Structure formats: C-alpha cells, structure tokens
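J.: Counting from 1 along the sequence shown, just add 463 to a position and that's the residue number in our numbering. Here a beta-carbon is modelled for each residue, glycine too, at the ideal position from N, C-alpha and C. Computed from a predicted model, the values in this text were never measured in an experiment.
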Amino acid sequence: MRTTLDWPGKAAAFARGQESISASHLTPHLLRRGEACVPCTDENLLVVGDNLPALTALLATHRGRVKVVYIDPPYNTGSALAYKDHGHDHASWLSFMTPRLILARELLREDGVLFLHLDDGESAWAQLLGHEVFGEENSLGTLIHQRAKGGGNSPSFVRGHDYIHVWGRDAEQVGPFLTEKKAPAKLEIIDGRRMLVETDVLRAGFGRYVRGQERRLMYEDILEVKGAKKLTEVDAKLATGEYILRPWSGGKHAVVRVTPAEKASSKLYSIIKALGGQNDLDALGLGGVFSYPKPVELVKTLVASQTFFDPEAIVLDFFAGSGTTAQAVMAANERDEGNRRFILVQTPEPLRARGEADGPGTAGSGAPGSAPHGDGRQRFRDISELTAERVRRAAAKHATGLTFEELTVSEH
Numbered sequence: 464m465r466t467t468l469d470w471p472g473k474a475a476a477f478a479r480g481q482e483s484i485s486a487s488h489l490t491p492h493l494l495r496r497g498e499a500c501v502p503c504t505d506e507n508l509l510v511v512g513d514n515l516p517a518l519t520a521l522l523a524t525h526r527g528r529v530k531v532v533y534i535d536p537p538y539n540t541g542s543a544l545a546y547k548d549h550g551h552d553h554a555s556w557l558s559f560m561t562p563r564l565i566l567a568r569e570l571l572r573e574d575g576v577l578f579l580h581l582d583d584g585e586s587a588w589a590q591l592l593g594h595e596v597f598g599e600e601n602s603l604g605t606l607i608h609q610r611a612k613g614g615g616n617s618p619s620f621v622r623g624h625d626y627i628h629v630w631g632r633d634a635e636q637v638g639p640f641l642t643e644k645k646a647p648a649k650l651e652i653i654d655g656r657r658m659l660v661e662t663d664v665l666r667a668g669f670g671r672y673v674r675g676q677e678r679r680l681m682y683e684d685i686l687e688v689k690g691a692k693k694l695t696e697v698d699a700k701l702a703t704g705e706y707i708l709r710p711w712s713g714g715k716h717a718v719v720r721v722t723p724a725e726k727a728s729s730k731l732y733s734i735i736k737a738l739g740g741q742n743d744l745d746a747l748g749l750g751g752v753f754s755y756p757k758p759v760e761l762v763k764t765l766v767a768s769q770t771f772f773d774p775e776a777i778v779l780d781f782f783a784g785s786g787t788t789a790q791a792v793m794a795a796n797e798r799d800e801g802n803r804r805f806i807l808v809q810t811p812e813p814l815r816a817r818g819e820a821d822g823p824g825t826a827g828s829g830a831p832g833s834a835p836h837g838d839g840r841q842r843f844r845d846i847s848e849l850t851a852e853r854v855r856r857a858a859a860k861h862a863t864g865l866t867f868e869e870l871t872v873s874e875h
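1. Using the Cα positions of His608 and Tyr682, report the straight-line distance between them to the nearest angstrom.
2. So, for Lys547: in the same chain, excluding its five sequence neighbours on each side, which residues have a beta-carbon less than 6 Å away from its beta-carbon?
3. Would a C-beta distance cut-off of 8 Å place Thr850 and Gly750 closer than the cut-off?
4. Alpha carbon to alpha carbon, how far is Ala567 from Arg679?
5. Name the residue from Arg657, Ala691 and Val721 whose alpha carbon lies nearest to the alpha carbon of Val664.
6. Can the beta-carbon of Ala520 be found less than 8 Å from the beta-carbon of Val759?
7. Just to confirm before moving on: does the CB-CB distance between Val778 and Arg798 stay below 8 Å?
8. If you follow the beta strand (DSSP E) that Asp574 is in, where does it begin and where does it stop?
9. Between Glu599 and Lys763, what straight-line distance do the alpha-carbon atoms span, to the nearest angstrom?
10. Flag this pair as touching only if the segment 647-662 and the segment 724-732 have three or more C-beta atom pairs under 8 Å; answer yes or no.
11. Tell me the rounded alpha-carbon separation between Arg856 and Asp698.
12. I'd like to know whether the C-beta of Asp513 is nearer than 8 Å to at least one C-beta of chain D.
13. May I ask you to report which of helix, strand or coil DSSP gives Thr642?
14. Compute the distance between the beta-carbons of Leu606 and Ser728, then report whether it is under 8 Å.
15. Which complete alpha helix (DSSP H) runs does the segment 733-800 hold, if anything under 4 residues is left out?
16. Specify, as a first and last residue, the run of the alpha helix (DSSP H) that Asp625 falls within.
17. Just checking, does the segment 765-785 make contact with the segment 522-537 on the three C-beta pairs under 8 Å criterion?
18. Between the segment 572-592 and the segment 500-508, can you find at least three pairs of beta-carbon atoms closer than 8 Å?
19. Take the Cβ of Gln809 as the centre, count every other Cβ of all protein chains shown within 10 Å, and call the residue buried at 16 or more, exposed below.
20. Per DSSP, what kind of secondary structure is Gly604 in: helix, strand or coil?
21. Would you please state the rounded distance, in angstroms, between the beta carbons of Glu876 and Leu508? I believe it to be under 8 Å.
22. CB-CB under 8 Å to Trp711, same chain, minus the five flanking residues each way: which ones, in chain order?
23. Tell me whether Ala857 sits in a helix, a strand or coil according to DSSP, three-state version.
24. Of all the options Gly655, Asp780 and Ala789, which has the alpha carbon lying nearest to the alpha carbon of Thr863?
25. So the beta strand (DSSP E) Lys530 belongs to, where does it begin and stop?
26. Taking Ser602 as the reference, give the member of Glu705, Val637 and Gly584 with the closest Cα.
27. Kindly identify the DSSP beta-bridge partner or partners of Asn802.
28. What do you get for Glu573, buried or exposed, if any count of 16 or more other CB atoms within 10 angstroms of its CB means buried?
29. Rounded to whole angstroms, how far is the Cβ of Phe782 from the Cβ of Asp535, which I believe are closer than 8 Å?
30. Please report the straight-line C-alpha distance between Asp583 and Glu696, rounded to a whole angstrom.
31. So, at 6 Å on beta carbons, what are the nonlocal neighbours of Leu708 in its own chain, with the 5 sequence-adjacent residues on each side left out?
32. Measuring straight from C-alpha to C-alpha, what distance separates Arg465 and Lys860?
33. Residue range of the beta strand (DSSP E) that Pro710 falls in?
34. What whole-angstrom Cβ distance do Leu515 and Glu595 have, given they're in contact under 8 Å?
35. How many whole angstroms separate the CB atoms of Lys692 and Ile685, which I take to be in contact at a CB cut-off of 8 Å?
36. Please work out which residues of its chain come closer than 6 Å, Cβ to Cβ, to Ala737, disregarding the five sequence neighbours upstream and downstream, and give them in chain order.
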C-alpha cells in the first residue's frame, strides 16, 4: 500500500499547478522588459515578480531544459512574507510550495535534479511533498549542510546543520554527484596546466600498508607481475598521455596518472561543510544588508556536482534572495571555463528595517533581510534590487564579462 501525504487544500494546490502548466501554452510572453513583451532567451536571467507566474512563463521556452534547480524557500515561522498565499501553518506552506514544485519538475531535463534546502522546521513535510510531486522512486536522498559551530546558548543542543533534499526528474537518468578530487592526489603544473598527479595507480599488491615497503608497481615489473595484457594497456595510456613515467628509486619508473585539474573528480560526500555566507556579501561591499545568505561555496558544490562535465547547463533558483546562486554559477564556470547559465526569480520584497526580528529559519536565501544601508554607498528598496547589484558586483569580481537580462512578470 502506498502511503500518501494529505492536508486541507491539497487537491486545490495540485490543481493550481496543473492549471499553470496549461496556462503556459496560452501566455508565452508573461515576461517583460519595460513596456515591451520579450521572449525568454538563453542568456542569464533575473526575473522580478512572483515566482508562480514567472515559472509558468518560463515553461514556454525552458520546459525540459534546466539541469539543476536549487531553492531555499521561505520557512514556516509566521514572518511577514510577500507571497500572499503563504500562511503560517504546515497546510498553507504545503499548498504554497506544491504548484511551484510541479512547475519546477516540468522545467527539469530528464536527467535534471532539484535541491530543496531548508531547516528542520519544514524538513519532514517537504520531504513527503517532494515524494508526492516527483515520486518517491525519484528521491536521491538527503544531504547535510553543516552551517555553524556556535550556538552554545541553545536550550537543547547546538543546531549546526540544515537539510538538502534531492530529487531527480527521472532518478535512473541522473548521473553521479561529483566534486573535485581531494588528497592523497597532488596538483602540479605540467606544461603550463594544473594537473592532478597520482603516483600509485598501479600496485604490486593490496593489503595493509607497511611503513617503508614500496607498494607501487614499477613499469619495468609490469610484465612479470601483471602479464603482457596489463603492459599493453599501460603502454596505450602512455601513448595518449593519460599516464606518464617518472623516475623512481632503484633506477626504475613509476607509472603516474595525470588528469587536468578541472576534470579530476570524486563522489560527493553527503555532509557538506560551508560557513560564512555573510563573508561572501562582505567581499562585495554588501555586508549587513541581508540576513542568512547561503555560502557561495555550498551552492557552487551542489551546482558543480551535477554539471561537472556539463559546462553549458542551465541552473534555476526561484527563491533567489541575495543572488547566491548566480555567484555560485560564476564560480563553477571559473573552475573549468564553462558557460553555465542561471535563471533567478525574486519578488520585489521590501528589506525589513533593522531591529525587526529575524527568528531562526525565517530566511532562506529568499527571505527578508536587514536594513537597506549596505556599505553606506548603496541603498536598496527591495531584495530584487540587491539581487541585481550582487550579480553585477560578482561578475566584476570573477572577471566573467557576464551580462544578464532583467525582466519583470506581467500581470496580464
């Protein structure tokens, strides 16, 4: 028997999602620049407005084209939010999220993934909702974001992590989650390129390491130890440059594998430590403007994990907040000179006056921030203005020459 999640308003929430999919065929030009209707392009986009009609409009040009969706939605804490259909109870939150997740699923490629990042206030409900929308068989698991070390004044225990639930449009088509290869391999500059150098790819035998005992299989010993077939295999890789020979002890040569650094990968570990989202804003002269921004390194890791060998991928964040995802895409492109593109959606939500409480969990990257004073030189009326300015400053910092279209959602 299949267990399902139920709540008051569930049927209406799913119906709204399906109605939005149908409406996308009738209203392909909901996105506007000034007074002119404009089609979506393959450029980087910042869409200002409610994300439900924005996602509906994006279906006209991006259905089935998005590789990664990362969202950090507003949590259910009763804080004043710009989304008028978002109540302060679990049922309202579920109804708010349902049509947006349905549309996100439609935008994903068949091998696309959605990362849903939030704290434990809605984690259980969000996981069940994701199973409803994507199918439990398309769940890819849950990652842990270690975000803090402090918090010793907590009444129970130090809460230092969030959850990132992951689903695939079709889990069977989703590739492994990859990250840059770490030690024991070493990086060296060879012929002007950063290369990952592994000196122990061939071993005479396996087992417990004994100090002082050489486990590497030298090139000169391959035939005797592994046979002619292995020697032929190694010679072929030497011919392509995947392997090189390096002088070793005893006048022999170690077989060394060299891999361009940008292509050297290993599997992503499920616990990701990334602190200091405010430091990223500080570095852009935007410190003190926004509460609880997510670290660029975290989102970069998530984006890169599914686009490691896909440098043309499209990344979507429809709770864009301060614009962390855009900067993370730039950082991912910087790693391998890629051309990943981002689509951000953010409501023109007022930044809260300094002194208003920001309780734990009130803010994902898309929740209200602090007073609009920033670095003293820049003032922002709403979050979307901050988002745009962050993208501009991040592009300058990363020297990308990046441009982006800033569009609004038409009411008609």
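T.: In this structure, then:
1. 44 Å
2. Low per-residue confidence applies at Lys547: pLDDT is 48, beneath 50, and the placement is therefore not dependable enough to give any value.
3. no
4. 49 Å
5. Val721
6. No, these two residues do not count as a Cβ contact at 8 Å.
7. Result no, Cβ atoms of Val778 and Arg798 do not sit closer than 8 Å.
8. Leu571 to Leu581
9. 26 Å
10. yes
11. 49 Å
12. Chain labels in this structure do not include chain D; a single protein chain is all it has.
13. strand
14. Taking 8 Å as the cut-off, the Cβ atoms of Leu606 and Ser728 do not count as close.
15. Correct list: 740-745, 759-770 and 787-799.
16. Per DSSP, Asp625 belongs to no alpha helix (DSSP H); it is in the beta strand (DSSP E), His624 to Gly631.
17. yes
18. no
19. buried
20. The answer is strand: DSSP assigns Gly604 an E or B state.
21. Nothing can be reported for residue 876: it is not among the residues displayed for the chain, which extend from 464 to 875.
22. Arg679, Met681 and Ala717
23. Residue state, collapsed to three classes: helix.
24. When C-alpha distances from Thr863 are compared across Gly655, Asp780 and Ala789, the shortest belongs to Ala789.
25. Val529 to Ile534
26. Val637
27. For Asn802, which the question treats as bridged, DSSP gives no partner whatsoever.
28. exposed
29. 6 Å
30. C-alpha separation (whole angstroms): 51 Å.
31. Tyr682 and His716
32. 50 Å
33. Tyr706 to Pro710
34. Not a contact, Cβ separation roughly 18 Å.
35. About 10 Å separates the two Cβ atoms, so there is no contact after all.
36. Pro758, Glu760 and Leu761
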